[in-house]
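Everything in the sequence shown is counted per my numbering, starting at 18 for the first residue and increasing by one. Ideal Cβ positions, reconstructed from N, Cα and C, are used throughout, including at glycine.
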Amino acid sequence: MKNVLLVVAVLSLVAACDNSNKTPAGQEGAAVAQAEPADEKASEEPAEKPEGEKAEDAAPEEAKKERVIAPEDRVEVSAMEFKKENFPGKLPAGEVLGGIAFVDSLGDNYVVFTRNELPSQKEYSGNTALHIKHMVKKGDEVREVRSYVEKVLDCEFDTILTPEFGDWSVADLDNDGIGEAIFAYTADCTSDLSPNKYKLFVTEDGAKYVLRGRTAIKEEGMEPMGGEFKADEMPDAFSKKAEELWTKLSRKVWQD
Numbered sequence: 018m019k020n021v022l023l024v025v026a027v028l029s030l031v032a033a034c035d036n037s038n039k040t041p042a043g044q045e046g047a048a049v050a051q052a053e054p055a056d057e058k059a060s061e062e063p064a065e066k067p068e069g070e071k072a073e074d075a076a077p078e079e080a081k082k083e084r085v086i087a088p089e090d091r092v093e094v095s096a097m098e099f100k101k102e103n104f105p106g107k108l109p110a111g112e113v114l115g116g117i118a119f120v121d122s123l124g125d126n127y128v129v130f131t132r133n134e135l136p137s138q139k140e141y142s143g144n145t146a147l148h149i150k151h152m153v154k155k156g157d158e159v160r161e162v163r164s165y166v167e168k169v170l171d172c173e174f175d176t177i178l179t180p181e182f183g184d185w186s187v188a189d190l191d192n193d194g195i196g197e198a199i200f201a202y203t204a205d206c207t208s209d210l211s212p213n214k215y216k217l218f219v220t221e222d223g224a225k226y227v228l229r230g231r232t233a234i235k236e237e238g239m240e241p242m243g244g245e246f247k248a249d250e251m252p253d254a255f256s257k258k259a260e261e262l263w264t265k266l267s268r269k270v271w272q273d
């Protein structure tokens, strides 16, 4: 009889422990849902997709909508002096490096370039970001055309991330009354005199077309290095101008 009572007691104890480990229906699912991070969309898009990922379209959805300018609304594209105090929106983070300004049939256009240092988890390396933001203002209406960022990460040597623009930066290559903003930059981490990653952009109302390659170097008595590029598909007029500028701008050291 004592043995029977002992067995009953042991079975009761096991059942009680098993019930205490069970989770009420729905409770486990709620815990998992709370653990999932919120999906927050970044305010800036990467200027380029990481290697191995599918390249982005030449233009965002908004820019893909062809804008037709009525003859009476057409304005001749012309450059303006860029002043950061006239920028019709919030400036991106960092030091203002300058910008491009022009008037076209869509209004007054401003493209600003800023650069800042990003936090680094490594003691002897740095992270740097170049921010590019295009705004257009017409009357009281202000519209953000496009905003993106280029980064050089984990650089233990010298970071090169400086935009290039000048009197060649404003054009209307396709004669449609909508201006193109043209600029370039080196984006690399370097420790010697060698070709660096280089990009040249032709942008029009949010659409961007890019030449990607390396800077060209030729030291006296040496064979040239770098200078090659791959180009996005783009209108012929854009391609002709971009390749002409690439030959001129990508030559950082050139000694015949």
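Endpoints, beta strand (DSSP E) assigned at residue i
i	result
F119	112-121
A87	Premise fails: A87 is in no beta strand (DSSP E) and is neither H nor E.
K139	Where K139 is concerned, there is no enclosing beta strand (DSSP E), given that its DSSP letter is neither H nor E.
V159	158-172
L6	Lying before the first or after the last residue shown, residue 6 is absent from the chain, which here runs from 18 to 273.
Contact set for residue i: own chain, Cβ-Cβ below 6 Å, skip 5 residues either direction
i	result
D125	K154
L269	For clarity, residue 269 is Lys in the given sequence; the question names Leu instead. So the list reads T232, once near-sequence residues are dropped.
Coarse secondary structure for residue i, derived from DSSP in three states
i	result
L108	coil
W185	coil
A259	helix
N103	helix
L217	strand
A64	coil
L266	helix
Buried or exposed (CB count within 10 angstroms, at least 16 for buried), residue i
i	result
R91	exposed
R84	exposed
G238	exposed
A52	Bear in mind that a pLDDT of 30 at A52, under 50, signals an unreliable position, so the number given afterwards is only what the model happens to contain. By the neighbour-count rule (16 or more Cβ atoms within 10 Å), A52 is not buried but exposed.
A146	buried
F174	exposed
E221	buried
Residue i: first and last residue of the uninterrupted alpha helix (DSSP H) it sits in
i	result
D205	Here D205 belongs to no alpha helix (DSSP H); instead the beta strand (DSSP E) covers 197-207.
Contact under 8 Å by Cβ, residue i with residue j
i	j	result
P63	Y165	yes
K258	V219	yes
F182	M152	no
Close Cβ partners of residue i (< 7 Å) along its chain, the five nearest in sequence each way excluded
i	result
A254	L190, D191
Near the ligand MG: residue i beta-carbon under 7 Å from a heavy atom
i	result
A64	Judged by which ligands are present, the structure shown has none, so any question about the ligand MG falls away.
Proximity test, Cβ basis, 8 Å: residue i and chain B
i	result
T264	Here there is only one protein chain, and chain B is not present.
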